[in-house]
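Asks:
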Amino acid sequence: MGYLGQIFAVIQDAPGQQPGNTIRVVDNNGADINGGFDGKFIWLVADFHDNKPSAISQIRIDIQDEQDNGRQDLAAGTGGKFRYLAWRTDGNEKITEVQLLRRQSPVSWETLRDLGFEGMSNDINAGRGGDFLHLVWKY
């Protein structure tokens, strides 16, 4: 069994450049993080490893007014707030599967559990409209 070690964004100028190892999307509802917005085409790729102590236990999205040059902006080219991946590794449970969940309405914990997932990030699109977009995972 592998554990989630990191997630990184692949940022491109054209839609045909989606990496083959992009994080799967529940119901195939579109993997481009900026889908529905002007800006760059952005896909997420997960890296798994066998080192449980350093594995990711929780994922969140930091949304801020200030740019952080050391991080990849998930809203690159849109002109709005900056959106960055962040995670914790100090939890007892470690993520073994991660997918992207895109919905037109808010995602409840009941819906999350019905889909077979145990955790989710905050909404990547919070405050900018568009679909509700979350990273969801299993331990």
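Take the sequence shown: its letter number 63 is residue 63 in full-length UniProt numbering, and every next letter is one higher.
Where is the CB? At the ideal position from N, CA and C, for every residue including glycine.
Everything numeric in this text was worked out from a predicted model, so none of it was measured.
Might you give, ordered along the chain, the residues of its own chain that have their beta carbon closer than 7 Å to the beta carbon of E97, omitting 5 neighbours on each side?
Replies: If you number the sequence shown from 1, residue 97 lands on position 97. Here the set comprises W137, K138.
Asks: Taking the DSSP output, what are the residues bridged to Y84?
Replies: Translated into positions along the sequence shown, residue 84 becomes position 84. BP columns for Y84 point to D62.
Asks: Quick one: grab the DSSP three-state call for Q99.
Replies: Translated into the one-based positions of the sequence shown, residue 99 becomes position 99. Correct three-state label for Q99: strand.
Asks: Which partner residues of L74 appear in the DSSP bridge assignment?
Replies: Residue numbering aside, residue 74 sits at position 74 when the sequence shown is read from its first letter. Paired residues: none, contrary to the question.
Asks: Among I23, N92, I42, whose alpha-carbon lies nearest the alpha-carbon of A55?
Replies: One-based indexing of the sequence shown puts residue 55 at position 55. Answer by Cα proximity: N92.
Asks: If you draw a straight line from the C-alpha of Q64 to the C-alpha of L74, how long is it?
Replies: Within the sequence shown, numbered from 1, the residue matching residue 64 stands at position 64. Within the sequence shown, numbered from 1, the residue matching residue 74 stands at position 74. So the alpha carbons of these two residues sit roughly 12 Å apart.
Asks: Taking C-alpha atoms, which residue in I42, N28, F8 lies nearest to residue 144?
Replies: No answer is possible for residue 144: it lies beyond the span of the chain, which begins at 1 and ends at 139.
Asks: At the level of alpha carbons, what is the spacing between F82 and I7?
Replies: Looking up residue 82 in the sequence shown gives position 82. Looking up residue 7 in the sequence shown gives position 7. Each residue's Cα considered, the two are about 17 Å apart.
Asks: Measuring alpha carbon to alpha carbon, tell me which of L85, Q104, N28, R24 ends up nearest R60.
Replies: On the sequence shown, residue 60 is found 60 positions in, with the first residue counted as 1. Taking only the C-alpha atoms, the option nearest R60 is L85.
Asks: Using three-state DSSP, classify K52 as helix, strand or coil.
Replies: In the sequence shown, the residue the question calls residue 52 occupies position 52. Helix.
Asks: Go through its chain and collect everything with a Cβ distance to A46's Cβ below 7 Å, but skip five positions before and after it.
Replies: Here residue 46 corresponds to residue number 46 of the sequence shown, with the count starting at 1. So the qualifying residues of the chain are L4, I7, I23, V98.
Asks: Can you name the start and end residues of the beta strand (DSSP E) that L4 belongs to?
Replies: Locating residue 4 in the sequence shown gives position 4, where the first residue counts as 1. Unbroken beta strand (DSSP E) run through L4: 3 to 12.
Asks: Any idea what DSSP makes of D47, helix, strand or coil?
Replies: For this step, residue 47 is matched to residue 47 along the sequence shown. It is a strand residue.
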